[in-house]
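Numbering (my numbering), first residue to last: 261 to 472.
Now the structure itself:
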């Protein structure tokens, strides 16, 4: 049970890590680069093994659509750029919550206890994943909404764990995998498009809301 609590609550480190890293002028740009690197890696982590196992090119296509579709919508309707990004953030969060739900269910004690490498791997990618959520949501929407996003991951993990592996098998279908792939793509779009805008460190006003 201890490992479930560790995995579920690992995302709560994100606000503290963000605060520490983002208030160090020397660390800010490195931190932003880390996010740009972490998101494609995390998406690859979620999507590529499925695509490889099932020889399913549709998953790669779904990620690509997730990246490209918001760009097309924004080009077509300039005024909707903000709404598109907000929608992509919500979609991305829902995909991450679904992922957390499945991981929580995978940790349910079945015939075999979860192996330590699995638990360690889940914990290790949970922390950057929740940092990315905070990095995206906090500058746009403030602390409450960012905390809600993190809370969603925690609750989804605990819900998955309590629902168990029977529930997991019902959700492991192609459509769930495709949905996760698509929203992962939209998350990549938001990080590179909106993230750059929200984290433009050439201006000095980005610190003020931390201390206000």
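Ideal Cβ placement from N, Cα and C applies to all residues, glycine included.
Once the 5 residues before and after residue 304 are set aside, which same chain residues still bring their CB inside 6 Å of it? none
7 Å CB neighbourhood of residue 377 in its chain, flanking five on each side removed: Sequence-distant Cβ neighbours of residue 377 in its own chain, meaning closer than 7 Å and more than five residues away, do not exist here.
Residue 441 versus residue 283: straight-line alpha-carbon distance, rounded: 33 Å
Could you compute how far the alpha carbon of residue 391 sits from the alpha carbon of residue 294? 10 Å
Euclidean distance between Cα positions of residue 371 and residue 421: Per-residue confidence for residue 371 stands at a pLDDT of 46, beneath the threshold of 50, marking its modelled position as unreliable; no derived number is given.
Tell me whether the beta-carbon of residue 275 lies closer than 8 Å to the beta-carbon of residue 394. Residue 394 is positioned such that its CB atom lies closer than 8 Å to that of residue 275.
So what does DSSP say about residue 371, is it helix, strand or coil? Residue placement at residue 371 is poorly supported in this model, since its pLDDT is 46, which falls under 50; the coordinates still yield a value, given next. Looking at residue 371 - three-state DSSP - the assignment turns out to be coil, as it is neither helix nor strand.
Taking C-beta to C-beta, are residue 444 and residue 350 nearer than 8 Å? No, these two residues do not count as a Cβ contact at 8 Å.
Nearest CA to the CA of residue 388: which residue from 290, 279, 298, 450? Nearest C-alpha to residue 388: 298.
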